[in-house]
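At position 101 of the sequence shown (counting the first as 1) the number is 101 in the UniProt record's numbering, and the numbers step up by one without a gap.
Even glycine gets a Cβ: it sits at the ideal position worked out from N, Cα and C.
Nothing here was measured: the structure is a model prediction, and the numbers come from that model.
Single-structure report; data block below.
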Amino acid sequence: MATAPALQCYRLERIIRPAEHRGAGSGATVEIKQRVREQFGAAAEAYVRSRSHAFGHDLGRLVEWAAVWPGELALDVATGGGHTGLALARHGARVILLDLTPEMLQAARRNAIASGIAPAGFIAADAEALPLADRCVSLLTCRIAPHHFADPAAFVREVARVLEPGGRFLLIDSLSPADHELDELVNELERRRDPSHVRSYTLEEWCGFLATAGLRVERVEVIYRRHEWDDWTVRSGMSERARDALAAWLLSQERLCRFLDVEVDRASIRSFRDDKVLILARLPHQRSPAGPRSEG
């Protein structure tokens, strides 16, 4: 059986999916994924050190909602620095860390070693073509990543495929407002800061992706965070000139500044609000319609 590129800590052969069954992307999709590899390959260590990724209310809430039971097999997709997967492992899960970018996965491995945690395995693979067998994990997480995905609907279909019946999917990602103009402006800000950004989605769009894939949304919470401007722009590898240009553009967008509650001190941006959405969805044993329960 063919195996995905992996750094093995655990015998994964029984759940690795044969390569010939994996999906292939279009030229545009391949280009998007290459931009992601370039962006995060160059910034891997910065994301390991990022306090907003390593800590935060949203990570604690995800772990709380996951309700990990000891020994269950979990998959953390687009693991980045490994913070979410390692948090689940601390609560007893056997966690596979998966990421598209090899350098990012190596950084996550070093983070795991430094933390004294041995994940179930490390796999370099595409979130939209998971190299795993059907119905093989009971918990799947993905935190602050899908806005980089070329096809989030394909990713959600893969989530539904690899989850066991009754399995849980925990998603956290940037939340775009329902207002069309603000939606466009928020995504323009993100793309100017990070060329690998594809799109942040609205709650309605996420619920649509999940429902179409057969996943039932059980809980939803909007989490309001603040980013320090300097940390946010430096982490993505922007030059000082590019950071100044981005700040000037943002300050010229009055409606966007109000929406993001931009804090300015002596004509310099200090911080801004960043909306995230946390969603708990489940693969039903038998499909039946159900709406999300809002947590605020």
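E218 places its beta carbon 9 Å or farther from that of S138. Annotation: G92 is outside any beta strand (DSSP E) and is labelled neither H nor E by DSSP.
DSSP places T84 within a helical segment (H, G or I) once states are collapsed to three. Here H197 carries a coil assignment [DSSP, helix/strand/coil]. The beta carbons of L97 and T141 sit about 10 Å from each other, so the pair does not count as a contact at 8 Å. Here A67 is exposed: its Cβ has fewer than 16 other Cβ atoms, across all protein chains shown, within 10 Å. With contacts defined by Cβ atoms closer than 9 Å, L132 and I15 form a contacting pair. Of the candidates W249, A145, R255, H83, the residue whose Cα lies closest to the Cα of L182 is R255. For the UniProt domain "Methyltransferase type 11" (75-170), the full-length beta strand (DSSP E) segments reaching 3 residues or more read 94-99, 121-124, 137-143 along the chain. Between the C-alpha atoms of R143 and L62 there is a straight-line separation of about 9 Å. Proximity of the stretch 270-277 to the stretch 227-245 meets the contact definition, three or more beta-carbon pairs being nearer than 8 Å. Along the length of the stretch 187-244, whole alpha helix (DSSP H) runs at least 4 residues long occupy 203-212, 229-235, reported in chain order.
In this structure, the beta-carbon distance from V77 to V159 falls below 9 Å.
Distances from the CA of D173 to each of G208, R109, G81, R199 were compared; the closest alpha carbon is that of R199.
In this structure, A112 sits near L86, with a CB-CB distance shorter than 9 Å.
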